[in-house]
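**Student:** The sequence shown begins at 6 in my numbering and counts up by one.
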Amino acid sequence: MKYRFFLPIAFALMLFTISFTACTKDDSTTETENFVNNALDEICTETRTGKNGCFEIVFPVTVVFADSTTLEVASYDEMKAAFKAWRENNPEVKGRPKIQFPYSVTTEDGTIVEITSAEDLKALIAGCVQDGGGPGHGPGKGGHGPGHGGHGKPCFTINFPLTVTTANGEVTLADPAALKALLKSIKGTGSKPQFVFPITITLEDGTVQTVNSAEELKAIKEACRG
């Protein structure tokens, strides 16, 4: 009789424990997703890049986390995965990741511009009118504020090999590492490489498209922003 009394209680406690664990796990997953989305939104808004911005980030870039650790990423997908992994390992650390200077962006006419400081960025974005709202302003633990909603989605990515023109003539770049090396070699010279058209890009839906001029590239960017 005694066992019959305790069995229902034990069963109820077991169900409560399972339910509580599942809810805690779901809350943790949601918090991490919110943190990642807010971080991506904030970067895109601050740099005026991505789906709702005027420019596109030139990868690879180095990101700096709130604990001062750094990591080089070669794409938006790698950036998103890095943010997720870091947050899961550092759930109590406040602050969102940033892109480390220097980094480069492409403008709507196909010019590659190196950003070495906040002042450089401010000067570049002075003429950029960005659609949508500002970055999410949830708390450091990942609350999801009213970001522009792009979540780090680029309008397109530039495909390699890629030919650019510099003050010293045309250079064909086999991969992003070659572009990074070129930018390093001309740092401080004031030279801004420009695409030699035609180029190929990969759109957000995976379509590979040939772009024949700076005007076409600008039209694609404007269409992406809607």
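Here a beta-carbon is modelled for each residue, glycine too, at the ideal position from N, C-alpha and C.
Bear in mind that the values here come from a model prediction, so they are computed numbers and not experimental data.
Return the CA-CA distance between CYS133 and LEU222, expressed in angstroms with no decimal places.
**Tutor:** CYS133 and LEU222: Cα-Cα distance of roughly 16 Å.
**Student:** Indicate the three-state DSSP secondary structure (helix, strand or coil) for VAL68 in the structure shown.
**Tutor:** Strand, per DSSP.
**Student:** Hey, how far is the Cα of PRO96 from the Cα of VAL78?
**Tutor:** Answer to the nearest angstrom: the Cα atoms are 21 Å apart.
**Student:** Is the Cβ-Cβ distance between LEU188 and LEU167 less than 9 Å?
**Tutor:** No, these two residues do not count as a Cβ contact at 9 Å.
**Student:** Does the Cβ-Cβ distance between GLY115 and PHE202 come in under 9 Å?
**Tutor:** Against a cut-off of 9 Å, the Cβ pair of PHE202 and GLY115 comes out as a contact.
**Student:** Run the CB neighbour count on GLY100, radius 10 Å, all protein chains shown included, and call it buried at 16 or more, exposed below.
**Tutor:** By the neighbour-count rule (16 or more Cβ atoms within 10 Å), GLY100 is not buried but exposed.
**Student:** Between the Cα of ARG92 and those of PHE70, LYS103, PRO107, LEU76, spot the shortest distance and give me the residue it belongs to.
**Tutor:** Minimum Cα distance to ARG92 is reached at PHE70.
**Student:** Take PHE88 as the anchor and find which of THR177, THR215, ALA44 has the nearest alpha-carbon.
**Tutor:** When each option's Cα is compared against that of PHE88, the closest is ALA44.
**Student:** Go ahead and pull the three-state DSSP assignment for THR75.
**Tutor:** It is a strand residue.
**Student:** Out of ASN173, PRO102, GLU38, ALA86, which one is the CA nearest neighbour of VAL68?
**Tutor:** When only C-alpha atoms are compared, the closest one is PRO102.
**Student:** Would the beta-carbon of LEU129 fall within 9 Å of that of ILE120?
**Tutor:** Yes, Cβ-Cβ distance for LEU129 and ILE120 is below 9 Å.
**Student:** I need the straight-line Cα distance from PRO214 to THR207, nearest angstrom please.
**Tutor:** Strictly speaking, residue 214 in this sequence is Gln, with Pro absent from that position. Cα to Cα, the separation comes out at about 6 Å.
**Student:** Going by Cα to Cα distance, which pick from GLU83, THR35, PHE64 is closest to ASN164?
**Tutor:** Among GLU83, THR35, PHE64, the Cα nearest to that of ASN164 is on PHE64.
**Student:** Applying the 10 Å Cβ sphere with the 16-neighbour rule, what's the burial state of VAL110?
**Tutor:** Buried, because 16 or more other Cβ atoms sit within 10 Å of the Cβ of VAL110.
**Student:** Contact check, THR54 vs GLU47 under 8 Å by CB: the rounded distance?
**Tutor:** With a Cβ gap of about 12 Å, THR54 and GLU47 do not count as contacting.
**Student:** Considering only residues of the same chain and omitting the five flanking positions on each side of VAL176, which have a CB-CB separation below 8 Å?
**Tutor:** Cβ neighbours of VAL176 beyond the five flanking positions: THR168, VAL169, THR170, LEU187, PRO198.
**Student:** Cα-Cα, which of ASN173, GLU51, ALA219, ARG230 is closest to THR112?
**Tutor:** Checking every option, the nearest Cα to that of THR112 belongs to ALA219.
**Student:** Got a sec? Which residues, its chain only, sit under 7 Å from ASP72 by beta carbon, not counting five neighbours each side?
**Tutor:** Within the same chain, ASP72 has close Cβ partners ASN95, VAL98.
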